[in-house]
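The structure appears right after this line, and notes come after that.
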Amino acid sequence: MTIQEAIHARHVVRKYLDKPLPVDVVKLLDERIAENNRKHGISMKLVVNDGKAVPAFFRLLFHAKGVNNYLILSGADTPDTDRMLGYAGIDVMLYAQMLGLNTWWSASFSRSHVKKSADGTRISGIIAIGYGDGQGVPHKSKTIDEVSRYEGDMPEWFVAGVKSALLAPTALNRQAFMLVGEGNDVSLSYRRDKWSETNIGIIKYCFEVGAGIEHFAWKEISSI
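This note's numbering puts the sequence shown at residues 965 to 1188.
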């Protein structure tokens, strides 16, 4: 499975089987996480066999079950950390999908408990990782015209990038982003809220995968 295929295959899964992650899978995930940490200057960390990250209230609220492994999205308390965590977090999330796992990106977790294991001072969320009790279902999505525009005829690479961005996980599935293209320049904006910087990182990554970074250059990226 490629990253592009993983974008299409990934859906939210909140219920997991009581099946531990094999040692070799944990090793592969840790290597991917370490690579992202080095590249982006962050401190993500995989925690396994710990069922206390999602308290009972949130398990009931989201009908979640069996969240025993999770990625802590953490880094230094700097202005660009959330954006870097969004970009790197979705990379690890899709890599987990390639390994036959399922995931759930959640901002609802026990901050006091997760903080004990975190390597960074800022924690933006967690990503549950495991063998899902099912593969999830596609989320309701906006149309290409609702989240993008292009000066002139839309090239195929731009359309492919927008389609990938529409498959990305965003907070509350708001998909509150706009991609604007002109020639080989692309700008990305996201409606400002508490998760906008994280969402910018996620959308940026997915658009790059779909469009191919050899086809364009980022002109402007911002929350508005």
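C-beta: ideal position from N, C-alpha, C; glycine also. Values in this document were obtained by computation on a predicted structure and should not be read as measured data.
Pull up the distance between the alpha-carbon of Ala998 and that of Asp1083, whole angstroms please.
Straight-line Cα distance between these residues: approximately 12 angstroms.
If contact is defined by three or more beta carbon pairs under 8 angstroms, each pair taking one atom from either stretch, is the region 1014 to 1021 in contact with the region 1047 to 1067?
No, the region 1047 to 1067 does not touch the region 1014 to 1021.
Note down the Cα distance separating Ala1040 from Lys1009, rounded to an integer number of angstroms.
Computed Cα separation, rounded: 13 angstroms.
State yes or no: is the C-beta of Ala1129 within less than 9 angstroms of the C-beta of Leu1143?
Contact flag set, yes.
Spatial neighbours of Arg974 within its chain, please: C-beta separation below 6 angstroms, excluding the five flanking residues on both sides.
The residues are Gln1061.
Under 6 angstroms Cβ to Cβ from Gly1165, same chain only, skipping five residues before and after it: list those, please.
Cβ within range, chain order: Arg1047, Gly1050 and Tyr1051.
Mapping the DSSP letters down to three states, classify Asp1149 as helix, strand or coil.
In this structure, Asp1149 counts as strand in the three-state DSSP scheme.
Count the other CB atoms within 10 Å of the CB of Ala1028; is the residue buried (16 or more) or exposed (fewer)?
With 16 or more other Cβ atoms within 10 Å, it is buried.
Nearest by alpha-carbon distance to Ser1187: which of Gly1015, Trp1159, Gly1116 and Gly1098 is it?
Per the Cα distances, Trp1159.
Using 8 angstroms for Cβ pairs, my map puts Val977 next to Gly1100. What's the rounded Cβ distance?
Between Gly1100 and Val977 the Cβ distance is about 4 angstroms, and since that is below 8 angstroms, they are a contact.
Determine the direct distance from the alpha carbon of Thr966 to that of Ala1092, and round the result to whole angstroms.
Taking the straight line from one Cα to the other gives about 21 angstroms.
Candidates Lys991, Gly1015, Asp994 and Trp1121: which alpha carbon is nearest Asn1148's?
When only C-alpha atoms are compared, the closest one is Trp1121.
Which residues mark the beginning and the end of the alpha helix (DSSP H) in which Val1011 is found?
Unbroken run through Val1011 is the beta strand (DSSP E), Lys1009 to Val1011; no alpha helix (DSSP H).
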